[in-house]
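Participant: Dropping a structure here in structure tokens format, bear with me for questions.
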Amino acid sequence: MPVASFTGVTRTYPGLSHPAVDNLSFTIDSGEVLVIVGANGSGKTTAMEILCGLRLPTSGRAEFLGQPVVPGGAHRNWMGVQLQVGGLPQRLRVREALKAAECLYRDAGDVDVIIDALGLRSRMSQMVDKLSGGWQRRLDIAIACIGSPRLLVLDEPTSGLDPVARTALWEFLRDRRSKGVAVLTSTHDLAEAETYADHLLVLDEGRAILRGPVSEVLSAAGGDHRLRVLSGDPGCLSAIRAQGHTPLEAGSAISVIGDSGGLTALREKLERLRDAGEVKFSDVLLGSVRLEDVFAFAAASRKKETT
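Under my numbering, residues 6 to 312 are what the sequence shown spells out, in order.
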């Protein structure tokens, strides 16, 4: 039995042109890190709020440990939650805020380990309202981890953290995962999602456009390599299409996804055209496909479907 699941969950709001969450289904198992990615307004936060019981779905079913999630339900005893807008007690010291959270549970779990892993030991005497946004985020996450939750729901937990703190947080979450905790989180950092997720859920306008293990999602664009052409020349686009490839534009860069052999041949063709003065570009780079490429491919494909 999965720790949590969505089955056909939809959430609508008056005035929105599309549902905030649209017929969304997924599961998350013990010891799994599921990362939701998507643009602002894609439904990431709404999905998390429904799973936490903070919002009801318009239709569909959200379950935790085999039971429907309802506002104020017993799921709160086994779920640790950190949302973007925290509810930290501002007029307490960090030590007092953590102690207050501990008192809510018969078994608070390995609180000292949590404090040290998130670097809070040096901040214990500081007032919560004097903490920077990044330190408040760490405290929010620490409180979510108290009580040995079966599931952690963390909405953009690395937002506002410096690179060292981000890495430390992910190592801590990996440790939680190794202890059987399920982790549902979101991020705008696609490289971060690709590195640390077991499974990915890519949302666009409330719908899941890609989901599955990271390796499976990375293969969704139809190739394992990417050719990146740094150019604003429309002639490059025409030349790429003339070779039978579909280019993806992103500002002054053009990406093409395919196999290594085909893209190597395309690069050589573009270099010959540049040498002949027929196209202009500053550089052309061949490498492994990245999640950002797949995300752009999926979004472009969905745009074609809806136009």
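Beta carbons: idealized from backbone N, C-alpha and C, even for Gly.
By DSSP, does Leu123 sit in helix, in strand, or in coil?
Facilitator: It is coil, neither helix nor strand.
Participant: If you follow the beta strand (DSSP E) that Phe11 is in, where does it begin and where does it stop?
Facilitator: Unbroken beta strand (DSSP E) run through Phe11: Ala9 to Arg16.
Participant: Extract the residue ranges of the beta strand (DSSP E) inside the stretch 222–265, only unbroken runs of 3 or more that lie entirely within it.
Facilitator: Runs found: 230–235, 253–255 and 258–263.
Participant: Which first and last residues belong to the alpha helix (DSSP H) in which Leu291 is found?
Facilitator: Premise fails: Leu291 lies in the beta strand (DSSP E), Asp288 to Ser293, not in any alpha helix (DSSP H).
Participant: Less than 8 Å between the C-beta atoms of Val14 and Ile41, yes or no?
Facilitator: Going by C-beta atoms, Val14 is not nearer than 8 Å to Ile41.
Participant: Can you list, in chain order, the residues of its chain whose CB lies under 7 Å from that of Thr50, leaving out five sequence neighbours each side?
Facilitator: Answer for Thr50: Gln89 and Asp160, listed in chain order.
Participant: Under 8 Å between the Cβ atoms of Asp280 and Glu37?
Facilitator: Going by C-beta atoms, Asp280 is not nearer than 8 Å to Glu37.
Participant: Hey, how far is the Cα of Arg295 from the Cα of Glu199?
Facilitator: Each residue's alpha carbon lies about 8 Å from the other.
Participant: So Ser35 is in the alpha helix (DSSP H); what residue range does that whole segment cover?
Facilitator: Careful: Ser35 lies outside any alpha helix (DSSP H) and carries neither H nor E.
Participant: How many whole angstroms separate the CB atoms of Ala173 and Gly124, which I take to be in contact at a CB cut-off of 8 Å?
Facilitator: Going by Cβ atoms, the distance from Ala173 to Gly124 rounds to 7 Å, so yes, they are a contact pair.
Participant: What residues are listed by DSSP as bridge partners for Ala187?
Facilitator: Leu156, per the DSSP bridge assignment.
Participant: Span of the beta strand (DSSP E) holding Gly77?
Facilitator: Looking at the DSSP string, Gly77 is not in any beta strand (DSSP E), and its letter there is neither H nor E.
Participant: Taking the alpha carbon of Asp112 as the reference point, which residue from Ile148, Asn28, Gly152 and Asp134 has its own alpha carbon closest?
Facilitator: Per the Cα distances, Gly152.
Participant: Let's test the definition: count the other Cβ atoms within 10 Å of the Cβ of Met53 and tell me whether it reaches 16, buried, or not, exposed.
Facilitator: Classification of Met53: buried, given that the 10 Å Cβ count is 16 or more.
Participant: With a threshold of 16 other CB atoms inside 10 Å of the CB of Gly263, please say whether the residue is buried or exposed.
Facilitator: Per the 10 Å Cβ criterion, buried.
Participant: Grab the span of the alpha helix (DSSP H) containing Gln89 for me, first residue to last.
Facilitator: Counting along the chain, Gln89 falls outside any alpha helix (DSSP H), and DSSP gives it neither H nor E.
Participant: Do Leu223 and Val299 come within 8 Å of each other at the CB atom, strictly closer than that value?
Facilitator: Yes.
Participant: Would you check if the distance between the CB atom of Arg142 and the CB atom of Ser164 is smaller than 8 Å?
Facilitator: For Arg142 and Ser164, yes; Cβs fall inside 8 Å.
Participant: At the level of alpha carbons, what is the spacing between Lys104 and Gly92?
Facilitator: Near 15 Å, if we compare the C-alpha coordinates of Gly92 and Lys104.
Participant: Any chance the stretch 170–190 sits against the stretch 272–291, with 3 or more Cβ pairs inside 8 Å?
Facilitator: Touching, no, given that fewer than three Cβ pairs across the two stretches are closer than 8 Å.
Participant: Below 8 Å on the Cβ atoms is my contact criterion, and I expect Cys57 with Val158 to pass it. Report the Cβ-Cβ distance as a whole number of Å.
Facilitator: Contact flag correct, Cβ pair sits at about 6 Å.
Participant: Cα-Cα, which of Ala225, Glu276 and Ala147 is closest to Val116?
Facilitator: Minimum Cα distance to Val116 is reached at Ala147.
Participant: If you drop the 5 nearest sequence neighbours on each side, which residues of the same chain put their C-beta closer than 7 Å to that of Ala226?
Facilitator: For Ala226, where only same-chain residues beyond five positions count, the Cβ hits under 7 Å are Ile262, Val294, Asp298, Val299 and Phe302.
Participant: Straight-line CA distance for Gly77 to Pro154?
Facilitator: Near 16 Å, if we compare the C-alpha coordinates of Pro154 and Gly77.
Participant: Are the CB atoms of Gly85 and Ala44 nearer to each other than 8 Å?
Facilitator: Contact: no.
Participant: My output table needs one value for Leu206: the three-state DSSP class, helix, strand or coil.
Facilitator: If DSSP states are grouped into helix, strand and coil, Leu206 belongs with the strands.
Participant: Rounded to whole angstroms, what is the Cα-Cα separation between Leu271 and Ile214?
Facilitator: Straight-line Cα distance between these residues: approximately 29 Å.
Participant: Nearest to Asn82 by alpha carbon, out of Leu156, Asp121, Leu268 and Gly267?
Facilitator: Among Leu156, Asp121, Leu268 and Gly267, the Cα nearest to that of Asn82 is on Leu156.
Participant: What is the residue span of the beta strand (DSSP E) that Gly217 lies within?
Facilitator: First-last of the beta strand (DSSP E) with Gly217: Arg212 to Pro218.
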